[in-house]
Amino acid sequence: MKSRVHQYIEKHQEQLLGSAQALVRVNTVNPPGHNYQAMADALLERCQGLDLPAQVHRVPDQEVRRLLGSDEFPRYNLIARWDIGRPQTVHFNAHYDVVPCAGQWKFGDPFEPGLAGGALYGRGAGDMKGAIAALLMAVEALKAVGVEPAFNIECSFTADEETGGQLGAGWIVNKGLVNADFAVVCEGAAGTQVGCGHNGVLWLEVELTGKAAHASRPEQGVNAFEAMASVVQKLQAYKRKLNVAEHRYVDFDGEARNPTLNIGGTFSGGEGDKINTVPAGARFSLDRRLVPGEQLAAVERELRRAVARAAEPPCRVAAPLRIAPCVVNADHALPQAFARAVQAVRRRAAGYRLSSGFTDLHYFAVAGGLPGIGYGVKGERIHGVDERVRVRDLVLTARTYAEFMLRGLEAH
Ligand SMILES: [Zn+2]
1 MKSRVHQYIE KHQEQLLGSA QALVRVNTVN PPGHNYQAMA DALLERCQGL DLPAQVHRVP
61 DQEVRRLLGS DEFPRYNLIA RWDIGRPQTV HFNAHYDVVP CAGQWKFGDP FEPGLAGGAL
121 YGRGAGDMKG AIAALLMAVE ALKAVGVEPA FNIECSFTAD EETGGQLGAG WIVNKGLVNA
181 DFAVVCEGAA GTQVGCGHNG VLWLEVELTG KAAHASRPEQ GVNAFEAMAS VVQKLQAYKR
241 KLNVAEHRYV DFDGEARNPT LNIGGTFSGG EGDKINTVPA GARFSLDRRL VPGEQLAAVE
301 RELRRAVARA AEPPCRVAAP LRIAPCVVNA DHALPQAFAR AVQAVRRRAA GYRLSSGFTD
361 LHYFAVAGGL PGIGYGVKGE RIHGVDERVR VRDLVLTART YAEFMLRGLE AH
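Quick note on numbering: the sequence shown equals residues 1 to 412 in my numbering.
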């Protein structure tokens, strides 16, 4: 039976590819969150076609307004269930939003997917519509062959991962819509590696207010740009301190990593900027990555203090995103079981990794308290021009999900 499931997926790679292409064609760029309803409808139709009871949940407008300041772009999350009365349930999560595009793409339009060298090109091909297609194909294969998974399956397709996931995975966890014992987030590791967590992140926005004056009489103003430059300069000492051994975290594969600080990912002036005016406003961002072992609240206190000490005149600091680091014990039954599925399909030893970028895993593993792992397709040039995924990897990922569904969590 098991081999027939694998044969089914191998035989239907054209359909798997077509399904990934159809998902890429729906432009779900976030921000601002385009075509979420069209995407939720398309996924609902797919689930219904697979005889998976599914429901689309629209986030109430007031909650969207509260977080985003506007409800012009509504948020939708879909939950589907294949309940066969098993004692345990595994939740599979994937986000359907993609990051904005820039630059010249090989096939012109990033939402009109192209094929070259055995790879599917398009925004979202690797992050993470390819994984959605692979997951749906795994379910389809089990259904088509007529075998049941070793656990109940719950799937969610959620919004907004690329902007922090509060109204996506975070929302379904907070609303109690996840009813599972384990979580698999369909990204965060690929190939022969199983994702056992990710770094944390803290975003700060620093705003300095000066006083405008004529450029010929700068002594009458307060130059916000120079004040910002001075803060940035003084933060170099803070940044250097992150590189010392006491902050170091050693990953499962022995690789050492330290916390990082990216300064000025975004920066801008104020209204009324002019070459002959003393600038009255300046703002810039800080992106601080936390390694496991670091506490979010303590890191935020420390960084806010460093900014406050450096700022003259005083500045305003906002924190639009806080995500704690998340690490899963690789000896737990879930990563061990998933690794066995990876090995069976990829025919190579599996390893564990912690990704430096964050995913939605923390919502399930930290806020939701579920043992969770990350595993998806191996995208290339993620977030960049010519994002792509190899068709062979789509097939092997679908087979890995199917193998895990068939084996379950027991060692055998
Ligand atoms: Zn992603």
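For each residue, glycine too, the CB sits at the ideal point set by N, CA and C.
- The beta carbon of V139 is closer than 6 Å to those of L50 in its chain, skipping five residues each way along the sequence.
- Note on geometry: alpha-carbon atoms of A310 and V56 lie some 48 Å from one another.
- The Cβ-Cβ distance between A80 and C155 falls below 8 Å.
- DSSP, read as helix, strand or coil, puts V291 in coil.
- In the three-state reduction of the DSSP assignment, A324 falls in the coil class.
- Taking 8 Å as the cut-off, the beta carbon of G165 is found closer than this to the beta carbon of Y363.
- Between V90 and L406, the CB-CB gap reaches or exceeds 8 Å.
- Selection L396, E387, H383, A398 evaluated against E162 yields H383 as nearest (Cα-Cα).
- When A341, L17, G195 are compared, the shortest CA-CA separation from F252 is found for G195.
- With a cutoff of 7 Å, D127 counts as near ligand 1, since its C-beta is closer than that to a heavy atom of the ligand.
- The continuous alpha helix (DSSP H) containing H6 extends over residues 2-11.
- According to the DSSP assignment, N174 belongs to the alpha helix (DSSP H) that extends over 169-174.
- Here N258 has L242, N243, H247, R248 as same chain residues with Cβ atoms under 6 Å from its own Cβ, once five neighbours each way along the sequence are excluded.
- CA-CA distance, V366 to L354, rounds to 15 Å.
- Taking a contact as a CB-CB distance under 8 Å, the pair G374 and T359 counts as one, their CB atoms being some 6 Å apart.
- Close CB contacts of R304 within its chain, under the 7 Å cut and outside five residues either way in sequence, are with V317 (chain order).
- Under the 10 Å beta carbon count, I275 is surrounded by fewer than 16 other beta carbons and is classified as exposed.
- Between the alpha carbons of R301 and A282 lies a distance of about 22 Å.
- R75 is positioned such that its CB atom lies closer than 8 Å to that of V64.
- When only Cα atoms are considered, A297 and R289 end up about 13 Å apart.
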